[in-house]
Structures are given as structure tokens and as C-alpha cells.
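J.: Residue numbers (my numbering): 305 to 483.
The beta carbon of each residue, even a glycine, is placed where N, CA and C say it ideally should be.
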């Protein structure tokens, strides 16, 4: 008898019509490579996935040329044993501020992954453009607080297309660089 860890799927399907950051290509594209109907021995497909779409992680290189790419990180970087969901409801273009995150300090000390649940995911299928362009984001000071105060945290996630927001370029860059 062996016990298996408890796994949770946190991903959306990668599809051509999935919402993406403004200006990004589709999340997933397929193209026929060979086909039995055309006289070939098998049907094969070329699948192209854009790295910054759908449910994804931003590797350190995303906003830092000196940072490692995702494939250079060890598998332990992607395994979490103490995820913590923070319910911080937000609407269009709002920020998640440091004081809102500080309210969970007692729980954050034990966490290795922070999942910010703003309620924004409700718009993913209902209003795709709104979901991709008007999302709430983590304020840089809140990101700094998480990274400096809780060394066990390996990742911060949000129920939006990005931890940043298209209309807030400078704070988006700063938040990404901190995380």
C-alpha cells in the first residue's frame, strides 16, 4: 500500500480561441502535416503553443534577460505541497494591494504557492476580450511583500490572463521583475 499525493488540475484547455494578452498570437494552433486522405500512411499534426497564454507560468527570464528559462529550472520548482488560496475579490482594472495580502500573513508563513482568487475567472468564457484586457493585477508592493517576507513561496498565481495588466505597463513590469 502506498499513499499518493493529492493533485489538483489548475489548467484551462489550450485552444485557438482562448483569451490571450492583447497582441499575442492564439494560445494553440494546429496544422495538418500528413493525411491518409492525401495518400500518406498516417495522419499527423503540427501543434504550436504560445508560451504566454492559457494557464501558464512566467519563468524568471520573462522579464529579466539574465534569469533562467523554464526548462532550466528543476522539477522541484513546479511541485507545491502547501498551496494557499487567498480570496481577494476584484473588478475591472483594480489592483491587489499590500495591505490586502498582509491580512493573510499568518497563513502565508506556511505556504509555498499563493493562488489569488479575485473572481475574475468568471469572465474567461463570457467576455473573452474583457477577461484579457481589463483584469485586476498584483501591485508591485504586494509582490515585494510576498517575496521578501515569505521565503518559502515559490510561486504566485492569479485567476486572470496575467499577474499584470495591459493598461498598467510600468507596474506590470515591476511586479513581474519582483516575482
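Out of 338, 445, 409, 416, point me to the one whose CA is closest to residue 475's CA.
T.: Selected option, being the one with the closest Cα: 445.
J.: Report yes or no: do the region 310-322 and the region 348-359 share at least 3 C-beta pairs separated by less than 8 Å?
T.: Cβ pair count under 8 Å is three or more, so yes.
J.: Can you tell me whether residue 468 is buried or exposed, with buried defined as 16 or more other CB within 10 angstroms of its CB?
T.: Looking at its Cβ environment, which holds 16 or more other Cβ atoms inside 10 Å, residue 468 is buried.
J.: Would you list, in sequence order, the uninterrupted beta strand (DSSP E) runs of no fewer than 3 residues that lie entirely inside the region 357-442?
T.: Segments of the beta strand (DSSP E) lying fully in the region 357-442: 387-391, 417-421.
J.: What does residue 460 pair with, by DSSP beta-bridge criteria?
T.: DSSP output for residue 460 lists 418 as bridge partner(s).
J.: Mark residue 460 as exposed unless 16 or more other C-beta atoms lie within 10 angstroms of its C-beta, in which case mark it buried.
T.: Under this definition residue 460 is a buried residue.
J.: What residue range does the beta strand (DSSP E) around residue 350 cover?
T.: Taken as a continuous stretch (DSSP letters only), the beta strand (DSSP E) holding residue 350 covers 348-353.
J.: Please identify the residue among 383, 432, 403, 421 whose C-alpha is closest to the C-alpha of residue 393.
T.: The residue with the shortest Cα to Cα distance from residue 393 is 421.
J.: Could you tell me which of 396, 347, 363, 328 sits nearest to residue 427, measuring between CA atoms?
T.: Checked all of 396, 347, 363, 328; the closest Cα to residue 427 is 396.
J.: Suppose you measure from the CA of residue 344 to the CA of residue 333; what does that come to, to the nearest Å?
T.: Each residue's alpha carbon lies about 22 Å from the other.
J.: Check whether the region 373-393 and the region 408-420 touch, using three or more Cβ-Cβ pairs below 8 Å as the test.
T.: The region 373-393 is in contact with the region 408-420.
J.: Is residue 336 near the ligand ATP, going by C-beta to nearest heavy atom under 6 Å?
T.: The model depicted lacks the ligand ATP and carries no ligand whatsoever.
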